[in-house]
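Novice: Taken in order, the sequence shown gives residues -28 to -1, 1 to 166; the numbers are from mature numbering (1 follows the signal peptide of the UniProt record, and there is no 0).
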Amino acid sequence: MVIAMAARTSILISVAVLLTLAACTVQAHHASSSCKRKLHCGPSKFIFYTHNTVYNPSVDNREYFNSIYSSPPNVSFANPFGFGIVNTFEDPITVGPSNNSRLLGKAQGFYVLNSFTEYTLFHLFTANVTEGKYQGTIDIFGQIREAEPVRYLTVVGGTGAFLGARGLATCTRVEFDSTPPAKWTLSFDLKLYY
Ligand SMILES: *[C@@H]1O[C@H](CO)[C@@H](O)[C@H](O)[C@H]1NC(C)=O
Ligand SMILES: *[C@@H]1O[C@H](CO)[C@@H](O)[C@H](O)[C@H]1NC(C)=O
Ligand SMILES: *[C@@H]1O[C@H](CO)[C@@H](O)[C@H](O)[C@H]1NC(C)=O
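Pasting the structure below:
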């Protein structure tokens, strides 16, 4: 009885495996017939630096800012970490860390402060690389904690030389000056696959 049941179970499993394999074969067949061409491969490493100066009404730097903070949400309780504030930016990006290093293009996007208990920044931006050997856009996404010296974001896509790119964007702050208007430089060290 036990043996018979075991045999029946193993037959059922075999049938299930066969059905699954058959389904995979059908899918693989469809996939191969609709996917004859592959994307090219872009660079597997790419580094750039973003330079940001925050608009500050108290020093009225309207001629040279790269980012603006939205108003804090109108809540009736203390909001020490600015939960819900958005910073929208359009930063020049360069080859090296210096602000007069060769221009590569610009990074446009935003981050949202999204914690009640610490500074955390949810990022979404596109780096538009318009100079140099590799040109195209790189889409970068991720949640970071201000307290971390090294921040990890992901590359979720791209166009042009970076078409189909995915990978890791390691971000570090290479310069920070809190004297109003606050300014900083970030490095983005990308490891990409296609
Ligand atoms: C903020 O909320 C309070 C209470 O609801 C309201 O009286 C006030 O007008 C709001 N301020 C703004 C700028 O919306
Ligand atoms: C570039 O950096 C130098 C030295 O840190 C600084 O004096 C200058 O104001 C910066 N220029 C811009 C446009 O931020
Ligand atoms: C990138 O910049 C170039 C040059 O300004 C522009 O033609 C192109 O449309 C930009 N791409 C995006 C996605 O903004």
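No residue lacks a Cβ here, since even glycine has one placed at the ideal position from N, Cα and C.
Any heavy atom of ligand 1 within a distance shorter than 7 Å of the CB on N46?
Specialist: Checking the Cβ of N46 against ligand 1 gives yes.
Novice: When DSSP labels each residue in this structure, what does F134 get in the three-state scheme?
Specialist: F134 falls in the helix class under three-state DSSP.
Novice: Which of the three DSSP states, helix, strand or coil, is assigned to V(-3)?
Specialist: Reliability of the predicted coordinates at V(-3) is poor, the pLDDT of 42 falling under 50, and no value is obtained from them.
Novice: Within the continuous beta strand (DSSP E) that includes E35, where are the two ends?
Specialist: Premise fails: E35 is in no beta strand (DSSP E) and is neither H nor E.
Novice: Per the contact definition of three or more C-beta pairs closer than 8 Å, is the region 111 to 119 in contact with the region 83 to 97?
Specialist: Yes: at least three Cβ pairs fall under 8 Å.
Novice: Please determine, among A137, Q80, I57, T98, the residue with the shortest C-alpha to C-alpha distance to N86.
Specialist: N86 has its Cα closest to that of I57, out of A137, Q80, I57, T98.
Novice: Please list the terminal residues of the continuous beta strand (DSSP E) segment that includes S73.
Specialist: Element bounds for S73: n/a, residue is neither H nor E.
Novice: Quick one: what does DSSP say E103 is sitting in, helix, strand or coil?
Specialist: Coil, per DSSP.
Novice: Is T60 near ligand 3, in the sense that its beta carbon is under 7 Å from a heavy atom of that ligand?
Specialist: T60: no, Cβ never under 7 Å from ligand 3.
Novice: Per DSSP, what are the beta-bridge partners of V84 in this structure?
Specialist: Answer is V58, F94.
Novice: Would you call R74 buried or exposed, if buried means 16 or more other Cβ atoms sit within 10 Å of its Cβ?
Specialist: Counting Cβ neighbours within 10 Å, R74 comes out exposed, since fewer than 16 surround it.
Novice: Inspect the CB distances between the region 99 to 109 and the region 127 to 141 and report whether three or more fall short of 8 Å.
Specialist: The region 99 to 109, when compared against the region 127 to 141, does touch it at the 8 Å Cβ threshold.
Novice: Short of 6 Å in beta carbon distance, which residues of its chain neighbour R34, apart from the five on each side in sequence? Order them along the chain.
Specialist: So the list is empty, once near-sequence residues are dropped.
Novice: Find out if the Cβ-Cβ distance for the pair I110, V101 is shorter than 8 Å.
Specialist: For I110 and V101, yes; Cβs fall inside 8 Å.
Novice: Run through DSSP, which three-state label would K17 get?
Specialist: Strand at K17.
Novice: First and last residue of the beta strand (DSSP E) that includes L162?
Specialist: 155 to 165 is the span of the beta strand (DSSP E), which, as asked, contains L162.
Novice: List the residues that DSSP assigns as beta-bridge partners of E147.
Specialist: In DSSP, E147 forms a bridge with T157.
Novice: Would you say the beta carbon of residue 169 is closer than 7 Å to some non-hydrogen atom of ligand 3?
Specialist: Shown here, the chain extends from -28 to 166; a query on residue 169 therefore has no answer.
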